[in-house]
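S.K.: Residue numbers for the sequence shown follow my numbering, so the first one is -11 and each next one is one higher.
One structure coming up, written as structure tokens, with questions to follow.
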Amino acid sequence: MDFLNNYYNTYSSPYYAAGPIYGPGNNTYDPYNYYQYPYGVDISAFNPRPMSNQYGNQIQMTDYGPAPFTVNIEEAAKQNTNFRTALWTGNHLQVTLMSINVGEDIGLESHPNLDQFIRIEQGQGLVLMGDRMDRMDFQANVEDDFIIIIPAGKWHNLINTGNRPLKLYSIYAPPQHPHGTIHVTKSDAEAAEHNNFR
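Pasting the structure below:
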């Protein structure tokens, strides 16, 4: 069932569209018999392959917000080697990529005014959550393809318990970090947090 990456059959519209009548006297004459989509959309550029395979290059790690944007998020998360990279920041939402080294954690934190969504793309870890920082009464093991929903105000931490970097993406609503944030290491992130609360 690999229909999402079907490289041989392009998308066919579920609606019938009559093709033009070709001929030398017609202003839609095409000597190559190439049908032009009548509504101003050039569907010849459509390519259903994933971005990294389509262009054969790496995804540039920069903040693309608030412009419209698409990306293969799994590839982007796996490619990211920074502790935290803001990939897209808008007025009401932010997507960050994280790479947590073996034995490291995100760090115990709470966001009183925002909900957070995390999806694990590679690795395994232990999630801790609770109403107080000294009482983490929710614990769960997570691995590839697991999501973590963190309600506003919950203390939480995610610890890498595997033997390779834990790769994930996180969605904050509203944004948590400044546009363009890149923290190469966890200590960079901690220093930035310390400077923000001065």
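We put the CB at the ideal spot given by N, CA and C, even for glycine.
Because the structure is a prediction, the values reported are computed rather than measured.
#1: May I ask you to report which of helix, strand or coil DSSP gives residue 129?
#2: With the cut-off set at 7 Å, would you say residue 121 and residue 142 are in Cβ contact?
#3: CA-CA distance, residue 74 and residue 152?
#4: To which residues does DSSP link residue 72 through a beta bridge?
#5: Under 8 Å Cβ to Cβ from residue 78, same chain only, skipping five residues before and after it: list those, please.
#6: Give me the Cβ distance between residue 104 and residue 160, rounded to the nearest whole Å; I'm assuming they're in contact under 8 Å.
#7: Could you check if residue 46 is buried or exposed, using at least 16 other CB atoms within 10 Å of its CB as the buried criterion?
#8: Tell me the rounded alpha-carbon separation between residue 86 and residue 119.
#9: So, at 6 Å on beta carbons, what are the nonlocal neighbours of residue 106 in its own chain, with the 5 sequence-adjacent residues on each side left out?
#10: Could you compute how far the alpha carbon of residue 134 sits from the alpha carbon of residue 167?
#11: What does DSSP give as the partner residue(s) for residue 113 in the beta ladder?
#12: Within 10 angstroms of its Cβ, does residue 82 collect 16 or more other Cβ (buried), or is it exposed?
#13: Smallest Cα separation from residue 171: which of 72, 114, 100 and 51?
#14: Spatial neighbours of residue 173 within its chain, please: CB distance less than 7 Å, with the 5 preceding and 5 following residues excluded, ordered by chain position.
#15: Using C-beta distances below 7 Å, list every residue in its chain close to residue 128, excluding the 5 sequence neighbours before and after it, in chain order.
#16: What is the residue span of the beta strand (DSSP E) that residue 161 lies within?
#17: Report yes if the CB atom of residue 154 is closer than 7 Å to the CB atom of residue 61, and no otherwise.
#18: Out of 56, 76, 49 and 59, state which residue places its alpha-carbon closest to the alpha-carbon of residue 68.
#19: In its own chain, which residues sit with a C-beta less than 6 Å from the C-beta of residue 192, not counting the 5 before and 5 after it?
M.R.: On the basis of the coordinates in this document:
#1: Numbered from its first residue, the sequence shown carries residue 129 at position 141. Correct three-state label for residue 129: strand.
#2: Within the sequence shown, numbered from 1, the residue matching residue 121 stands at position 133. Within the sequence shown, numbered from 1, the residue matching residue 142 stands at position 154. The Cβ atoms of residue 121 and residue 142 lie no closer than 7 Å to each other.
#3: Locating residue 74 in the sequence shown gives position 86, counting from the first residue. Locating residue 152 in the sequence shown gives position 164, counting from the first residue. Going from the Cα of residue 74 to the Cα of residue 152 covers about 22 Å.
#4: Taking the first residue of the sequence shown as position 1, residue 72 is located at position 84. Answer is 86 and 171, bridged to residue 72.
#5: Here residue 78 corresponds to residue number 90 of the sequence shown, with the count starting at 1. Taken in chain order, the residues that qualify are 53, 54 and 163.
#6: By 1-based counting over the sequence shown, the position of residue 104 is 116. By 1-based counting over the sequence shown, the position of residue 160 is 172. So it is a contact: roughly 6 Å between Cβ atoms.
#7: As a working mapping, residue 46 is identified with position 58 in the sequence shown. Answer is exposed; the Cβ neighbour count stays below 16.
#8: Position 98 of the sequence shown holds residue 86. Position 131 of the sequence shown holds residue 119. Straight-line Cα distance between these residues: approximately 24 Å.
#9: Locating residue 106 in the sequence shown gives position 118, where the first residue counts as 1. The beta carbon of residue 106 sits closer than 6 Å to those of 136, 156 and 158, all from its chain and outside the five residues before and after it, given in chain order.
#10: For this step, residue 134 is matched to residue 146 along the sequence shown. For this step, residue 167 is matched to residue 179 along the sequence shown. CA-CA distance, residue 134 to residue 167, rounds to 27 Å.
#11: Position 125 of the sequence shown, counting from 1, holds the residue named residue 113. Beta-bridge pairing links residue 113 to 130 and 148.
#12: Position 94 of the sequence shown, counted from the start, is the residue given in the question as residue 82. So residue 82 counts as buried.
#13: As a first step, residue 171 is located in the sequence shown; it is residue number 183 there, counting from the start. Relative to the Cα of residue 171, the nearest Cα in the group 72, 114, 100 and 51 belongs to 72.
#14: For the purposes of this step, residue 173 is identified with residue 185 of the sequence shown, where counting begins at 1. Here residue 173 has 71 as same chain residues with Cβ atoms under 7 Å from its own Cβ, once five neighbours each way along the sequence are excluded.
#15: Here residue 128 refers to the residue found at position 140 when the sequence shown is read from its first residue. Cβ within range, chain order: 115.
#16: Position 173 of the sequence shown, counting from 1, holds the residue named residue 161. Going by DSSP, residue 161 is part of the beta strand (DSSP E) stretching over 154 to 161.
#17: The residue labelled residue 154 in the question sits at position 166 within the sequence shown. The residue labelled residue 61 in the question sits at position 73 within the sequence shown. Going by C-beta atoms, residue 154 is not nearer than 7 Å to residue 61.
#18: Reading the sequence shown from its first residue, position 80 is the one you call residue 68. Ranking the options by Cα distance to residue 68, first place goes to 49.
#19: Here the chain comprises residues numbered -11 to 186, so residue 192 is not present and cannot be evaluated.
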